[in-house]
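Student: To start, I am sharing the structure in question, which I have written as structure tokens.
Laid out in structure tokens, this is it:
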């Protein structure tokens, strides 16, 4: 989905067509253009920031387009974007690719996303440690009795690894440190996980905080149960909320990052980049490690 903001709000399709023909980051009217592309998980917050940034006093047009996480850096390297939205830290491969193209990359956290553990409402388990959750999802724990539940097998509901998602990459590399359990039931979208969990009393799944927020908005959250998480055995169980994620008290979070080639960025790009970075609720905590 593409959302475009100027100092006057949303712009028309005809303006977008003209915008696609502009050169050197400016429209014919002299407005600076900032194309922001990448992680779908970040598109909602970047659209909000674009709206806050835009004003009649700023000669800047912000175009936000969400998609696959990898598309952010790909379009940055190809010159099709001024700013990349990425929901994982830059890889060594991406850093080397930037150097080979003469790009001086700057990266900043502008917000945080949370990963939520859900089970069927009939499941008596109300909290888990992060380690218990990880072991359930990778298949090291296979019965609910091993975490205080009933004598029933654990059925993992997971996103298909073929999905090009920054969330899936984070889960595999930073949370699971591997793959989901061999017997996991695979679905193609995160939004499909709650329905699958709601239909199976033995199921457990992982969704993003924005998926949970949408369920609550739609009144569908009663069909699943959210599990509170503890960092370890000695820590309190914390429920996932926007506040606990922003504060860092909820234990499974990941940073939302912006990346710009500072040595080639126009004034509007750097102003918008710094504007977004200043809104990071945890400016001193640029990484989330569990």
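Residue numbers (the working numbering): 86 to 375. For every residue, glycine included, the Cβ atom is placed at its ideal position computed from N, Cα and C. Every value quoted in this text rests on a predicted model; they were computed, and no experiment measured them.
1) Per DSSP, what are the beta-bridge partners of residue 229 in this structure?
2) Counting along the chain, where does the alpha helix (DSSP H) carrying residue 352 start and finish?
3) Do the CB positions of residue 343 and residue 195 come within less than 8 Å of each other?
4) So, for residue 169: in the same chain, excluding its five sequence neighbours on each side, which residues have a beta-carbon less than 6 Å away from its beta-carbon?
5) In the DSSP assignment, find the beta strand (DSSP E) that holds residue 192 and state where it starts and stops.
6) Does the distance from the C-beta atom of residue 291 to that of residue 200 stay below 8 Å?
7) By the three-class DSSP mapping on this structure, what secondary structure does residue 235 have?
8) Thinking C-beta only, is residue 193 closer than 8 Å to residue 322?
9) I want to know whether the segment 220 to 236 touches the segment 261 to 272 - three or more CB-CB distances under 8 Å.
10) In this structure, what does DSSP give as the bridge partners for residue 212?
11) For residue 239, collect the residues of the same chain with a Cβ closer than 7 Å to its Cβ; drop the 5 residues on either side in sequence, then sort them by chain order.
12) Is the beta carbon of residue 118 closer than 8 Å to that of residue 166?
13) Rounded to whole angstroms, what is the Cα-Cα separation between residue 348 and residue 173?
Tutor: In short:
1) Here the question's residue 229 lines up with position 144 in the chain shown. According to DSSP, which records beta bridges pairwise, residue 229 is partnered with nothing at all.
2) What you label residue 352 is simply residue 267 of the chain shown in a count that begins at 1. From DSSP, the alpha helix (DSSP H) with residue 352 extends over 352 to 362.
3) If you number the chain shown from 1, residue 343 lands on position 258. If you number the chain shown from 1, residue 195 lands on position 110. Cβ atoms of residue 343 and residue 195: closer than 8 Å.
4) As a first step, residue 169 must be located in the chain shown, where it is residue number 84. Cβ neighbours of residue 169 beyond the five flanking positions: 123, 157, 158, 161, 344.
5) Residue 192 sits at position 107 when you count from the first residue of the chain shown. Looking at the DSSP string, the run of the beta strand (DSSP E) that includes residue 192 is 190 to 204.
6) As a first step, residue 291 must be located in the chain shown, where it is residue number 206. As a first step, residue 200 must be located in the chain shown, where it is residue number 115. Yes; because the gap between Cβ atoms is below 8 Å, this pair is in contact.
7) Within the chain shown, the letter at position 150 stands for residue 235. The answer is coil: DSSP assigns residue 235 none of H, G, I, E or B.
8) Looking up residue 322 in the chain shown gives position 237. Looking up residue 193 in the chain shown gives position 108. With contacts defined by Cβ atoms closer than 8 Å, residue 322 and residue 193 do not form a contacting pair.
9) yes
10) As a working mapping, residue 212 is identified with position 127 in the chain shown. Answer by DSSP bridge pairing, in chain order: 313.
11) The residue given as residue 239 occupies position 154 in the chain shown. So the qualifying residues of the chain are 221, 226, 227, 228, 229, 287, 289.
12) Numbered from 1 along the chain shown, position 81 holds the residue referred to as residue 166. Numbered from 1 along the chain shown, position 33 holds the residue referred to as residue 118. Contact: no.
13) Here residue 348 refers to the residue found at position 263 of the chain shown. Here residue 173 refers to the residue found at position 88 of the chain shown. It is roughly 22 Å from the alpha-carbon of residue 348 to the alpha-carbon of residue 173.
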